[in-house]
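Protein chains: 2
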Amino acid sequence: MTALAKLERVMPIGALAERTGVKVETIRYYEQVGLLPPPERSEGNQRRYGRRHAERLAFIKHARDLGFAVDNIRTLLRLSDTPGIACDEAHAISVAHLEEVRDKIARLRSLEKELERIATTCSGGVAACDCAIIEALADHGQCSHAHH
Amino acid sequence: MTALAKLERVMPIGALAERTGVKVETIRYYEQVGLLPPPERSEGNQRRYGRRHAERLAFIKHARDLGFAVDNIRTLLRLSDTPGIACDEAHAISVAHLEEVRDKIARLRSLEKELERIATTCSGGVAACDCAIIEALADHGQCSHAHH
DNA sequence: ATCTGAAGCTTTAGTAACTATAGCTTTGGA
DNA sequence: TCCAAAGCTATAGTTACTAAAGCTTCAGAT
Chain A
162 MTALAKLERV MPIGALAERT GVKVETIRYY EQVGLLPPPE RSEGNQRRYG
212 RRHAERLAFI KHARDLGFAV DNIRTLLRLS DTPGIACDEA HAISVAHLEE
262 VRDKIARLRS LEKELERIAT TCSGGVAACD CAIIEALADH GQCSHAHH
Chain L
162 MTALAKLERV MPIGALAERT GVKVETIRYY EQVGLLPPPE RSEGNQRRYG
212 RRHAERLAFI KHARDLGFAV DNIRTLLRLS DTPGIACDEA HAISVAHLEE
262 VRDKIARLRS LEKELERIAT TCSGGVAACD CAIIEALADH GQCSHAHH
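Residue numbers (this note's numbering), protein chains in the order written: chain A, 162 to 309; chain L, 162 to 309.
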């Protein structure tokens, strides 16, 4: 058996972290909140991971990168653990999340416009303003953006 | 003196909250973290606000709505308290924040694309997939998006 | 003057998703 | 055998609030 193949079976937490790009502390945290099942331990009580764990953690990381909440990931994992059953729920979660993301984008765009206006009014010169940014913040009247 | 004019001087916290759209608890929180100066108190130890406080709180709210961090707002308030001095700093904060916002928008757009792809692959039918969403999350290989 | 319900008070804990620290033990190669 | 790197647990800190418990004050009606 090669060293690599052995690593596949008994990775310590640091190797798993490096391989998945998830920090050691975060891995322990995921275990604590029940996303990642507790792995075997070495004689000295250190965690030893296998390929299953690596795959599951990759799933989690990917979902987190896509902005899914930990709670939703728990559901998605449960669904992926029971194959064949309805993916309706997975679909619903994804669609809801997509909507959230679109919403967030829209809100940020409106902020962007407003900030652009504010930040360019005062170019940062010493004498030019006193101070347009501060005034813009103080006086809501100039503000174009709708509901807060 | 009208009732309204009197309210301007001795608003209780609830009136200030209603007037500014900031929750009572949040107002107390802003006082605690030093954004809002401690107001006078009634004989029975209740907070009594005046117009100054209302203005300052409006400033804070507006800045928060624009997504400025509390820490940056503290700086902006300090700048607005010492008029005439350099607005360079205010400008720098705004520009940095604008960049952050743009960055966030860009990242969310890429998420949006990816989620769109994932969510539409499986339309939620019972038999159609098993399950494309789950598989997409498990298999990073299909993923178009760049760095995580 | 008294009653009462709404509003206010402080303190503490909870939220999301980690991150960091302290103080200790284990591991694995020279 | 030695030792530095890596791992362990438990606890606290982060951001910007929000909520709850258990009390006190306020202001209008009686």
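We put the CB at the ideal spot given by N, CA and C, even for glycine.
Being a predicted model, the structure only gives us computed values, none of them experimental.
Beta-carbon to beta-carbon, A/Leu-227 and L/Gly-228 are separated by about 22 Å, too far to satisfy the 8 Å threshold. Contact of L/His-214 with chain A by beta-carbon distance below 9 Å is absent, the smallest such distance being about 13 Å. Of all residues in the stretch 216-245 of chain L, the ones placed with a Cβ closer than 8 Å to any Cβ belonging to chain A are Glu-216, Ala-219, Phe-220, Lys-222, His-223, Ala-224, Asp-226, Leu-227, Gly-228, Leu-237, Leu-240, Ser-241, Pro-244, Gly-245, in chain order.
L/Pro-200 is the residue among L/Leu-238, L/Arg-270, L/Leu-269, L/Pro-200 whose C-alpha sits nearest the C-alpha of L/Leu-177.
Going by DSSP, A/Lys-184 is part of no alpha helix (DSSP H) at all; its letter is neither H nor E.
Residue pairing for A/Arg-202: DSSP places it in a beta bridge opposite A/Arg-208. Runs of the alpha helix (DSSP H) lying entirely within the stretch 214-272 of chain L and spanning at least 4 residues, in chain order: 231-242. Spanning the alpha carbons of L/Ile-279 and L/Ile-294 requires a straight line of approximately 6 Å. If you look at L/Leu-196, you'll find it isn't in any alpha helix (DSSP H); DSSP assigns it neither H nor E. Neighbourhood of A/Ile-295 in chain L, by CB distance below 8 Å: Leu-237, Leu-240, Ser-241, Cys-248, Ala-251, in chain order. Under the Cβ distance rule, A/Arg-180 does not count among the residues neighbouring chain L, no pair being separated by less than 9 Å. Taking 9 Å as the threshold, the shortest C-beta distance from A/Ala-176 to chain L does not fall below it. Nearest Cα to L/Arg-225 within the set L/Ile-188, L/Arg-212, L/Asp-300: L/Ile-188.
The count of Cβ pairs closer than 8 Å, one atom from the stretch 194-213 of chain A and one from the stretch 229-245 of chain A, reaches three, so the stretches are in contact. Taking CB atoms only, A/Lys-184 has no neighbour in chain L less than 9 Å away. Around A/Arg-263, the beta-carbon contacts reaching into chain L at under 7 Å are Glu-273. With a cutoff of 9 Å on beta-carbon distance, L/Arg-209 and L/Met-172 are scored as near each other. Chain L has a Cβ within less than 9 Å of the Cβ of A/Ile-266. Put simply, of A/Glu-179, A/Gly-175, A/Ile-266, A/Ile-221 the residue whose alpha carbon is nearest the alpha carbon of L/Ala-297 is A/Ile-221. In chain order, Phe-229, Asn-233, Thr-236, Leu-237 place their CB closer than 8 Å to the CB of A/Ile-254, counting only its own chain and leaving out the 5 sequence neighbours on each side. Straight through space, the alpha carbons of A/Leu-276 and L/Val-262 are spaced by roughly 9 Å. For the pair L/Leu-269 and A/Lys-184, the CB atoms are not nearer than the 9 Å cut-off.
Against chain A, a Cβ distance below 8 Å from L/Arg-270 picks out Ile-266.
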